[in-house]
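J.: Pasting in a structure now, in structure tokens, and then I'll have a few things to ask.
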Amino acid sequence: MNILMATALGCWILSTEWIWKSLEAERWIEENPFEMKEEFPTAHETHIVRERVKGVYRPLLFKDVGSIFVSPGATVPNQEKMQELIKVAGGKICGSKRKASIIIGASHGAVLSVTEQWIFDSVMVNKTLSTSLYPVFCTALTQHESPSMQH
Numbered sequence: 209m210n211i212l213m214a215t216a217l218g219c220w221i222l223s224t225e226w227i228w229k230s231l232e233a234e235r236w237i238e239e240n241p242f243e244m245k246e247e248f249p250t251a252h253e254t255h256i257v258r259e260r261v262k263g264v265y266r267p268l269l270f271k272d273v274g275s276i277f278v279s280p281g282a283t284v285p286n287q288e289k290m291q292e293l294i295k296v297a298g299g300k301i302c303g304s305k306r307k308a309s310i311i312i313g314a315s316h317g318a319v320l321s322v323t324e325q326w327i328f329d330s331v332m333v334n335k336t337l338s339t340s341l342y343p344v345f346c347t348a349l350t351q352h353e354s355p356s357m358q359h
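Given below as structure tokens:
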């Protein structure tokens, strides 16, 4: 979850070697050589954007998807952490299933319902992915079952 938050916020994602080298130098050393660019390319890209913006960086990833309702108990991580990630990435949280444009983690009638993986994957590529790739098939699934396990 920390990697997702850092990616959305445009923060450095550094190897632990940076910490050890900084300790040896008895000061914080230059971060750039220790950035994990290959492992987390989107984090690197959002970090560059954040540095270019003078002032406050505001991610807008979920800005245009409408209000999002996160189903309690239906998401991993918990509802509060998921809401925080959505807000950090520019999304608007809705407190009502009926008023939401998208529901994360549970199906509810005519409202578009997707799995939490849609949020994770969208953040990791810094692009709002198609919701059609992340449908919620059944509200009776437990956290340890996947739609492919259903008959």
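So in my numbering, spot 74 of the sequence shown is number 282, and the numbers just go up one at a time.
Every residue, glycine too, gets a C-beta built ideally from N, C-alpha and C.
None of these values were measured; they are calculated from a predicted model.
With H, G and I counted as helix, E and B as strand and the rest as coil, what does DSSP make of PRO249?
T.: Three-state DSSP puts PRO249 in a helix.
J.: State the CB to CB distance for the pair LEU269 and GLY298, rounded to an integer number of angstroms; the pair is presumed to be in contact (CB under 8 Å).
T.: The Cβ separation is near 5 Å, so the contact holds.
J.: Tell me the rounded alpha-carbon separation between ASP272 and THR224.
T.: Going from the Cα of ASP272 to the Cα of THR224 covers about 36 Å.
J.: Which one or two residues does DSSP pair with LEU268 in a beta bridge?
T.: The partner list for LEU268 (beta bridge, DSSP) is empty, contrary to what the question assumes.
J.: Could you check if TRP236 is buried or exposed, using at least 16 other CB atoms within 10 Å of its CB as the buried criterion?
T.: Flag for TRP236 reads exposed.
J.: What does DSSP give as the partner residues of ILE294 in its beta bridges?
T.: DSSP, once it has assigned bridges, lists no residue as partnering ILE294.
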